[in-house]
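With my numbering applied, the sequence shown covers 1 to 462. What follows is a set of notes on a single structure, which appears directly below.
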Amino acid sequence: MEYRFPDNFWWGTATSATQSEGRIPGDGKGDNIWDYASHHFNERFFQGVTADDTSTFYQHYREDIQRAKDIGLNSFRTSISWSRLIPDGDGEVNPQAVVFYNAVIDELHAQGIEPFINLYHFDMPMALQEKGGFENREVIDAFARYARICYQLFGDRVRYWFTFNEPLIPAEAGYLHPRHYPYVTDFRRAAQVLHHIVLAHCKAVAAWRELGLTGQIGIIMDVIPVYPRSDSAEDLQAAAMADLFYTRSINEPILLGRYPEALVAILREHDQLPEYLAEDCTLIANTRIDLLGINYYRPRRVKARETPLAEPHGFVPERFFEEYIMPGRRMNTSRGIEIYPAALYDIAMVVKERYGNLPWFVSENGIGIQDEEQFMVNGQIQDDYRIAFLKEHLGYLHQAMADGSNCLGYHMWTFIDCWSWQNAYKNRYGFYRLDLATQQRSLKKSGQWFSMVIANNGFQEE
Ligand code: BGP
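Set out below in structure tokens:
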């Protein structure tokens, strides 16, 4: 079978500022919540690696972009670090950051690689977090100001902008199931943060449109498709609730211009509605994106609740469903998540049928493996499992496109092994291996394979 993709298909990789840049003394960067948390809650991070010690893209961007060119990438996503550009989030611009991001963007263009630039990848400046972060309505305007500054500085050369990566996560992981600073557990506060993120997105889109720049603006969503254990009414209802809370709660305001009525009704009934103004609904209704990125890693399998919730808790969506551990499921044991490539087809069909077949691309997909050095042979990681993972996911994507999905590209997470939120360098995802001690990069077998896919605009499989 031959899997051929359209001309001009975006073949690329994704990373983010905090996960790849690192810090050097005197770079003028302000702290963000990851700088703070990885020092003050250091035990939460695998082997205590902090956000200072990431993959040194700040110093090595030129050689790294050469590496991207070497494997043929035609597009490259990263983010701007808000606290590098504006150290206190809302004040003066750091001139060294302007030099750095200009140089990165110019170097990408010089190598014929299209920059895809995201504005917020979980990285609230600490000075603004001290004022409540996105829980504080004033921070919405600080974000819109930051977005406008980015467009003014770089918008002449960046054609693809994204406001947020996975906008639900800062709310869910920061305020409900605590994995991100400030490690709060309070549904109503999480809902407040999410609502303010939605508004911040809308204002950042409006700022870009006002400037009349050339290009497209969008957002990057984390989609975890939900599958019920069975077709019983109870399991179907459990799946509907998981989807409502964890996917439709963010997809519908952004893509359809309104929150799902069923969600609003449940939150009202349980006294969990965030504060909002009437004008917020108008702003949400009037905002549309041009391009959607979808990050896909895993499915969510659920069943009707059979056991009581484990711990004392306030309101949590899990009261309406329970995780279903499907017998025989295929696991990535390093990350503790199921591998289910067929979901990529299902996601594409949802975009087509429920969201007006919006132009979209896979903005992240990947497999993180622990102790990957065990697969090193003659200096190269033989990551055949990653090649198999890619083939299967690209196969389903290809099928979806044959069935009319308007998918424009595929970005793998990630380019060079990078730091992760909690797991630091435990699980490696890159096409390039990073030796953390020496900062040396070496191409993995999957990177070689991917470069052939790009060169042929596809691949053949028995
Ligand atoms: C996505 C994030 C990325 C990246 C990736 C891998 O959800 O957008 O920033 O980290 O997941 O996940 P993890 O690093 O947690 O293994």
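C-beta atoms are modelled at their ideal positions from N, C-alpha and C, and glycine is treated no differently.
- Under 7 Å between C-beta atoms of Glu234 and Ala304: For Glu234 and Ala304, yes; Cβs fall inside 7 Å.
- Message: What would DSSP say about Leu408, mapped onto helix, strand or coil?
- Response: In the structure shown, Leu408 sits in a strand (DSSP, three-state: E or B).
- Message: Shorter than 6 Å, the distance from the beta carbon of Asn427 to the closest heavy atom of the ligand BGP, or not?
- Response: Asn427 has its CB nearer than 6 Å to a heavy atom of the ligand BGP.
- Three or more beta-carbon pairs under 8 Å between the region 374–390 and the region 16–30, yes or no? No, the region 374–390 is not in contact with the region 16–30.
- Query: Per DSSP, Arg463 is paired with what?
  - Reply: Shown here, the chain extends from 1 to 462; a query on residue 463 therefore has no answer.
- Message: Using C-beta distances below 8 Å, list every residue in its chain close to Ile140, excluding the 5 sequence neighbours before and after it, in chain order.
- Response: So the qualifying residues of the chain are Phe134, His196, Leu199, Ala200 and Lys203.
- Pairwise C-alpha distance: Tyr259 and Leu73: Their backbone Cα atoms lie some 37 Å apart in a straight line.
- Task: For Phe41, count neighbouring C-beta atoms within 10 Å of its own C-beta (all shown protein chains included) and say buried if the count is 16 or more, exposed if not.
- Result: Around the beta carbon of Phe41, fewer than 16 other beta carbons sit within 10 angstroms, so the residue counts as exposed.
- Task: Over the uninterrupted beta strand (DSSP E) stretch that includes Lys303, give me the two end residues.
- Result: Taken as a continuous stretch (DSSP letters only), the beta strand (DSSP E) holding Lys303 covers Arg300 to Lys303.
- Message: Please determine whether the Cβ atom of Asn165 lies at a distance below 6 Å from any heavy atom of the ligand BGP.
- Response: Answer for Asn165: yes, Cβ within range of the ligand BGP.
- With distances taken Cα to Cα, identify the nearest neighbour of Arg84 among Glu252, Tyr429 and Ala51. Ranking the options by Cα distance to Arg84, first place goes to Ala51.
- Measure the CB-CB distance between Asn457 and Asn406 and report whether it falls below 7 Å. For Asn457 and Asn406, no; Cβs fall outside 7 Å.
- Task: Might you give, ordered along the chain, the residues of its own chain that have their beta carbon closer than 7 Å to the beta carbon of Tyr175, omitting 5 neighbours on each side?
- Result: Result list for Tyr175: Val184, Asp186, Arg189, Ala190 and Val193, in chain order.
- Task: Give the straight-line distance between the Cα atoms of Thr13 and Val351, rounded to the nearest whole angstrom.
- Result: Computed Cα separation, rounded: 22 Å.
- Run through DSSP, which three-state label would Gln272 get? In the three-state reduction of the DSSP assignment, Gln272 falls in the coil class, being assigned neither a helical nor a strand state.
- Query: Is it the case that the Cβ atoms of Ala239 and Val316 are separated by a distance below 7 Å?
  - Reply: Contact flag unset, no.
- Item | Gln440 versus Thr163 - alpha carbon distance | Roughly 32 Å separates the two Cα atoms.
- Item | Exposure label - Met452; buried when at least 16 CB within 10 Å | Only exposed fits Met452, as fewer than 16 other CB atoms lie within 10 angstroms of its CB.
- Cβ-Cβ distance between Tyr151 and Trp82 below 7 Å: In this structure, Trp82 does not lie closer than 7 Å to Tyr151 by Cβ.
- Can you list, in chain order, the stretches of the alpha helix (DSSP H) that have 4 or more residues and sit fully within the region 343–426? If we require 4 residues or more, the alpha helix (DSSP H) runs fully inside the region 343–426 come out as 343–354 and 384–402.
- Message: Quick check: the Cα distance between Ile220 and Gly447, rounded to an integer number of angstroms?
- Response: Ile220 and Gly447 have their C-alpha atoms some 24 Å from each other.
- To the nearest whole angstrom, what separates the beta carbons of His39 and Ser79, a pair I think is in contact under 8 Å? Between Ser79 and His39 the Cβ distance is about 21 Å, and since that is not below 8 Å, they are no contact.
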